[in-house]
Amino acid sequence: MENLNGRLITYFATDGLRLKGYLALAKNSQTTIIHIHGHFGNFYENDFIPKMAESYAAAGINFLCVNNRGHDGIAEAYQDKKVVYIGGAIEYPEQCILDIKGAIKYAEEFSTRIILQGHSFGCQKVLAYLVEAKAPNEFVLLSPADTYQLQSNYIRPATIPEQLNRIRREYSDRMDELLPISEFGENQPGAEYYIPISAKSFVSLFGGSLPELLRYEQPLKYYLKASGFVYYGGKDTLWTVSKTVVEQFFIEHLEDLTFYYYENGDHHFHGFETIVAGEIINWVNREKVH
């Protein structure tokens, strides 16, 4: 990666929260892809990030990979010069729109074309921004899993509405506490683990609309007049439905869809990072001619 013109950057969400990221600039490029990481992620941890940055920059595309307020578990941050605590365990997910607006504002200083790219739970955040803002941005969704169904699988035979009512009742006077391991996580073949979360953040997440944006078998009604690229890996342990169901979902919700299925790809497309990046580059370049 010696040829990358990259640097650490600071940007501000529209509520004044200071966040960090990494910017790889391509020579004389006005096209920027903004990457939105998933739950408990950050702008640097996933192995595909440096390879994607290198591939994009070499193809003449700027890559802005940013932290959102759901980064890591619990982290120190600054807002209006005051210390605050943010992170995946305590975030209000609907505030992601403030982060994305701030990242777009930062990228507009050097970009005339901005493409939003989400990975995992970052896909819901990208969709939340696009639906809320009625924005025309092109977008890339990498491994857009059904968070609602995954949680339903984790707590069955209980249901999420039952769980929400119980947590609101049991934690009414201690909503900042982290929930026990039985409350939130993944229980999929090959992916079994607890995810730390506060009662307040859990209620914000599943009492809100973000998980509804990717409920594949009970789809929320919305339609985006935009172009999107969706990656689906055949060996992703977080899939709850078939490739056909996912593709049909996006056909019904999106004006212009490019659906890329990689049979051997997992949730993070390990070993195939440059292949997936290359397909996205082809899609970006193909879109330029329209």
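Numbering (numbering that gives the first Met the number 0), first residue to last: 0 to 289.
Ideal Cβ placement from N, Cα and C applies to all residues, glycine included.
Being a predicted model, the structure only gives us computed values, none of them experimental.
Between the segment 28-42 and the segment 98-107 there are three or more inter-stretch CB-CB distances shorter than 8 Å, so the stretches are counted as touching. The distance from the Cβ of Ile60 to that of Thr13 is about 25 Å, inconsistent with a contact at the 8 Å cut-off. Per DSSP, the unbroken beta strand (DSSP E) holding Asn186 starts and ends at 184-187.
Inter-segment contact for the segment 49-59 and the segment 86-94 is absent: fewer than three beta-carbon pairs are separated by less than 8 Å. Under the three-pair Cβ rule at 8 Å, the segment 227-237 counts as touching the segment 256-270.
Secondary structure at Asp255: strand, using DSSP grouped into helix, strand and coil.
Here DSSP, grouped into helix, strand and coil, assigns Gln94 to helix. Per the DSSP secondary-structure output, Lys81 pairs in a beta bridge with Gln78. Beta bridge pairing from DSSP links Leu204 with no other residue.
Under the three-state reduction of DSSP, Thr13 is assigned to coil, being neither helix nor strand. Taking the CA atoms as reference points, Val83 sits about 43 Å from Arg285. Assigned with DSSP and collapsed to three states, Gly40 falls in coil, not helix or strand.
Residues of the same chain with a CB within less than 6 Å of the CB of Tyr170, apart from the 5 flanking positions on each side, are Ala198 in chain order. Residue pairing of His70 in beta bridges, as defined by DSSP: absent, with no partner found. If you look at Thr111, you'll find it isn't in any beta strand (DSSP E); DSSP assigns it neither H nor E.
Three or more Cβ pairs drawn from the segment 141-148 and the segment 204-215 lie within less than 8 Å of each other, which places the two stretches in contact. Judged by beta-carbon spacing, Leu140 lies within the 7 Å limit of Val229, meaning their Cβ atoms are closer than that value.
In this structure, DSSP gives Tyr105 a helical state, which the three-state scheme calls helix. In the structure shown, Tyr230 falls within a strand segment according to DSSP collapsed to helix, strand and coil. Where Val139 is concerned, the enclosing beta strand (DSSP E) starts and stops at 137-141. Glu191 sits in a strand when the DSSP states are folded into three classes. In this structure, the CA atom of Glu272 is about 7 Å from the CA atom of Met51. In this structure, Ala106 places its C-beta atom within 7 Å of the C-beta atom of Leu63. Ile180 carries a coil assignment under DSSP once its states are collapsed to helix, strand and coil. Our two residues, Pro135 and His252, have alpha carbons roughly 14 Å apart in a direct line.
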